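*Asks:* Heads up: the sequence shown is residues 1 to 354, going by the UniProt record's numbering.
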Amino acid sequence: MDVSPPLGLLAELTHRCPLHCPYCSNPVELTARDAELSTSDWLSVLSQARELGVLQVHMSGGEPLLRPDLPELVAHASGLGCYVNLVTSGLGLTASRLDDLVERGLAHVQLSAQSATRERADLLAGAKAHDRKLAAAALVKAFGLPLSLNVVLHRRNHDQLAGIIELAERMGADRLELANTQYYGWALRNRDALMPTPAQLAAAEPVVRAAIARLRGTMEIVYVVADYHEPYPKPCMYGWGARQLTVAPDGTVLPCPAASAISTLSLSSVRDTPLAEIWYDSSSFNAYRGEEWMSEPCRTCDRRELDFGGCRCQAFLLTGDAAATDPVCSRSPGRGLVDLILSRPPVADLVMRR
Ligand code: SF4
Ligand code: FES
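Rendered as structure tokens:
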């Protein structure tokens, strides 16, 4: 099949992070500091990515500000002609650091927040973080950069949804992503505590709809649905190995950020294989491209070009087979697994990210 070049690179510079969010989608086993790629490794990854066609670089983590070489990496990516986005908790973002990053070509900041009020947000972050995020947002606006606010939604903050939208307005965010929790990595172990109730999701719908209408032209709002509650799966990654690649802190190259969970996948590393070879020829990137890998009911389904059979990571995590139809799908023989999960009583305790 014809494979197009990737548009975006998610550069996970480090797994180290000052926060302890229970919905973290990074793997349960994190990369240690001494196993992270070096500065020269990352410079090479960025050059190779640009050569491959990448135009957008998302510098992420963990917390990318914990890498002292971040300014050098931003300058390199920007010098190559890439649009550079910093995905950050905001902790550690000072005026002088932001000034330097902007000088070196940083184009956009995506800030995370945990909830609308300080008390709830700090509880969910496992750290005194909320006020520092407000300060970080103010800095980003003062430097004239576009600001996206990302808030992961779940049972413990859905009731603050209207307040979260107000928070984004107060921050002057240009974009607000309200993303119901996706159950990968650490988040999976908290699934029964984080799963929103049908009543919460029903209450959210008109609030989001009204905010989208009211703020049109001022702030773009993106609402990521709680897919377990939907009849059809999300078009995950817009298809496997189709638009974006992820380089993990240790150099492993992933077709999707959560793909290290698929233990049947043989993953390649930039430490020993050129990025272009991994994108075009590796078994991991080719495993679920196109439609050849699909079995029934996806193979002949009229929705397969809309959702690509759903999410491969979710299929693996729920059924043990990454080529199975995403069990979220009401046409999947595995839908009973999802319904069973939804029927469980809620769990009170959250296990904070360690
Ligand atoms: Fe999508 Fe497959 Fe379900 Fe059809 S059967 S809606 S292609 S997941
Ligand atoms: Fe990996 Fe959906 S999260 S394919």
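Note that beta-carbon positions come from the ideal geometry of N, C-alpha and C, so glycine has one too. Computed from a predicted structure; not experimentally measured.
#1: CA-CA distance, S44 and T197?
#2: Using 8 Å as the Cβ pair cut-off and three pairs as the minimum, do the region 6–14 and the region 51–71 touch?
#3: Any heavy atom of ligand 2 closer than 6 Å to the CB of C17?
#4: With distances taken from CA atoms, which of I164, L275, A259 is nearest residue 355?
#5: For S25, list the residues DSSP reports as bridge partners.
#6: What do you reckon, are the CB atoms on P6 and Q244 nearer than 7 Å?
#7: Give me the Cα-Cα distance between A193 and P346, rounded to the nearest whole angstrom.
#8: Quick one: grab the DSSP three-state call for Q160.
#9: Could you tell me the alpha carbon to alpha carbon distance between H130 and R118, rounded to whole angstroms?
#10: Looking at the secondary structure, which residues open and close the alpha helix (DSSP H) in which S283 lies?
#11: Taking the C-alpha atoms as reference points, what is the distance between L317 and A324?
#12: Closest to P68 by C-alpha separation, out of S38, E51, L52, would be which residue?
#13: Here's a check: name, in chain order, each residue in its chain whose Cβ is nearer than 8 Å to the Cβ of residue 361, leaving out the five neighbours to either side.
#14: Taking one C-beta from the region 330–349 and one from the region 223–242 each time, how about it: are there three or more such pairs within less than 8 Å?
#15: Can you tell me which of T264, R175, G105 puts its alpha carbon nearest to the alpha carbon of R312?
#16: Could you tell me whether any non-hydrogen atom of ligand 2 is closer than 6 Å to the CB of A259?
#17: Is R312 near ligand 2, judged by its Cβ being under 6 Å from some heavy atom?
#18: Would you grab the beta carbon distance between N157 and L124 for me? Rounded to a whole angstrom, and I think it's under 8 Å.
#19: By the DSSP assignment, the beta strand (DSSP E) with I212 in it spans what residues?
*Replies:* Here's the rundown:
#1: 46 Å
#2: yes
#3: no
#4: A query on residue 355 cannot be resolved here, the shown segment of the chain reaching from 1 to 354 and no further.
#5: DSSP lists no partner for S25.
#6: yes
#7: 6 Å
#8: helix
#9: 5 Å
#10: 283–286
#11: 11 Å
#12: S38
#13: Shown here, the chain extends from 1 to 354; a query on residue 361 therefore has no answer.
#14: yes
#15: T264
#16: yes
#17: yes
#18: 7 Å
#19: That residue, I212, is in no beta strand (DSSP E); its alpha helix (DSSP H) goes 198–214.
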